[in-house]
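**Q** Quick one: the structure is below, and I'll ask about it shortly.
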Amino acid sequence: MSGHDDGRGAEERLVSGDAASPEEEVIEAALRPKQLDDFIGQDRVREQLSLVLHSALRRGRTPDHVLLSGGPGLGKTTLAMIIAAELGRPLRISSGPAIERAGDLAAILSTLSEGEVLFLDEIHRMARPAEEMLYMAMEDFRVDVVVGKGPGATAIPLDIAPFTLVGATTRAGMLPGPLRDRFGFVAHMDFYGPAELEVIVQRSARLLDVRIDDDAAAEVAGRSRGTPRIANRLLRRVRDFAEVRTGGEVTRDSARAALKLYEVDERGLDRLDRAVLGSLLRKFGGGPVGLSTLAVSVGEEPETVEVVAEPFLVRQGLLARTPRGRIATPAAWAHLGLTAPPTAPLAGALFDLDEPGTGTD
Ligand SMILES: Nc1ncnc2c1ncn2[C@@H]1O[C@H](COP(=O)(O)OP(=O)(O)OP(=O)(O)O)[C@@H](O)[C@H]1O
Ligand SMILES: [Mg+2]
């Protein structure tokens, strides 16, 4: 249990937004809401999408292409499936990395049936030539299939059935403008609020036949980092704990004890997050300290700290990246139950902290 054991990939962390394993994907499939009405939260996206889909249905046309953008585990795949279900159309699933050549895309597009929904996951990772083919397909439902090579090559135009493209991306900023512009509807999926996550936890508990009381559901929701996938994962862990230790029903106490065992704290920080923050506070007095120094101090690679731990700490307002290095915010001291030294560097200047260290909380 040395610090080096912590250097596991992000996908093995309980609080990672990424899908962990094929087994998890099976469970997730069972927990996916099937209709727009069962999809919890993202109210604006849901309402806008409902209008897009239902007006298209009324007009008997295929709806605009839809781009779903948002972090891992927020419900993009779920929404893509719901779109096909609401339209009553088949769903074809592929992904950016699977499309290495324009021909791969042509093979998919030319076999779509009328009105079919094509879901392209991780669309920002598609090969460039395929991307250009996709532009034309999205706009004119036509592709040019190039036959032959060199000067003798000819482009044979091919009509394809009108379809709806649903693209998903965790990196909207990496999409080329021309591709983004061809989506008639762009849905930005945000992190979920605690109340929404609580409803998601309760819904999943029903589906998994887990008895959980409201306090416990709130406890799980509050530690889920705004992400349904993490909420569902923590629910399964507290269920395991309750089954083995306390006779089945998940109560607030058993949920707390379980999450303590799994080292997920009240704000959803795990051991790595707390190690980084703790080191920043205890060893470097709150910073500023350079990324690599901070990483060495917790026995991690700089990249792990930067990619795996920091984004959530920044989002939580516990850590800030400054040109001079990483610094802790006043909230970080409070969260770890420590008192900021009166000389906490930069903190006063950057965060308008009145009289640091007077303990007025
Ligand atoms: N709004 C929601 N209501 C209920 N459950 C949800 C909601 N959004 C997501 N989930 C659940 O969270 C899990 C992850 O969702 P999903 O696979 O759709 O995320 P994603 O955005 O596609 O993630 P990735 O970026 O990794 O592909 C699923 O099991 C799904 O049931
Ligand atoms: Mg997905």
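Take 100 as the starting number for the sequence shown in my numbering and just add one per residue.
All C-beta atoms, glycine included, are put in the ideal place defined by N, C-alpha and C.
Every value quoted in this text rests on a predicted model; they were computed, and no experiment measured them.
Only counting the same chain, and skipping five residues up and downstream in sequence, which positions put a Cβ closer than 6 Å to that of Phe290?
**A** Gly325
**Q** Considering only C-alpha positions, which residue in the set Leu278, Gly187 and Gly140 is nearest to Met469?
**A** The shown model of the chain, from 100 to 460, leaves out residue 469, and the question about it has no answer.
**Q** At a threshold of 6 Å, does Ile181 count as lining ligand 1 (C-beta to nearest heavy atom)?
**A** no
**Q** Who does Phe284 pair with in a DSSP beta bridge?
**A** Val165
**Q** For the alpha helix (DSSP H) containing Leu178, name the first residue and the last one.
**A** Lys175 to Leu186
**Q** Please return the same chain residues whose Cβ sits closer than 7 Å to the Cβ of Glu405, not counting the five positions on each side in sequence.
**A** Hits under 7 Å: Leu390.
**Q** Let me check understanding here. Comparing Cα to Cα, which of Val216, Glu221, Gly377 and Arg355 lies closest to Ala430?
**A** Nearest C-alpha to Ala430: Gly377.
**Q** At the level of alpha carbons, what is the spacing between Pro162 and Arg270?
**A** 24 Å
**Q** How big is the Cα-Cα spacing for Glu365 and Arg423?
**A** Spanning the two alpha carbons is a distance of roughly 30 Å.
**Q** Is it buried or exposed, Arg332, if we count other Cβ atoms within 10 angstroms and call 16 or more buried?
**A** buried
**Q** Just the Cα atoms here: how many angstroms apart are Ser209 and Ser149?
**A** 28 Å
**Q** How big is the Cα-Cα spacing for Ile426 and Val114?
**A** One C-alpha to the other measures close to 23 Å.
**Q** Report the rounded CA-to-CA distance for Ala179 versus Val265, giving the unit in angstroms.
**A** Answer to the nearest angstrom: the Cα atoms are 6 Å apart.
**Q** Going by C-alpha distance, which of Ala408, Arg188, Leu186 and Arg227 is nearest Met273?
**A** Arg227
**Q** Look at Arg328 and Val309 and say whether their C-beta atoms are less than 7 Å apart.
**A** no
**Q** Using only CA atoms, which one of Arg305, Arg381, Ala197 and Gly187 lies nearest to Val349?
**A** Arg305
**Q** Where does Glu110 land, buried or exposed, given buried means 16+ other C-beta within 10 angstroms?
**A** A caution first: Glu110 carries a pLDDT of 45, below 50, which makes its placement in the model unreliable, though a value can still be read off. Burial call: exposed.
**Q** Short check: CB of Asp258 to CB of Arg281, under 7 Å?
**A** no
**Q** Under 8 Å by Cβ, that's how I've got Leu371 and Leu393 pegged, so tell me the actual separation to the nearest angstrom.
**A** Contact flag wrong, Cβ pair sits at about 12 Å.
**Q** Considering just the uninterrupted stretch of the beta strand (DSSP E) at Val114, what are its terminal residues?
**A** From DSSP, Val114 is part of no beta strand (DSSP E); its letter is neither H nor E.
**Q** Out of curiosity, what's the CA-to-CA distance linking Pro250 and Phe262?
**A** 33 Å
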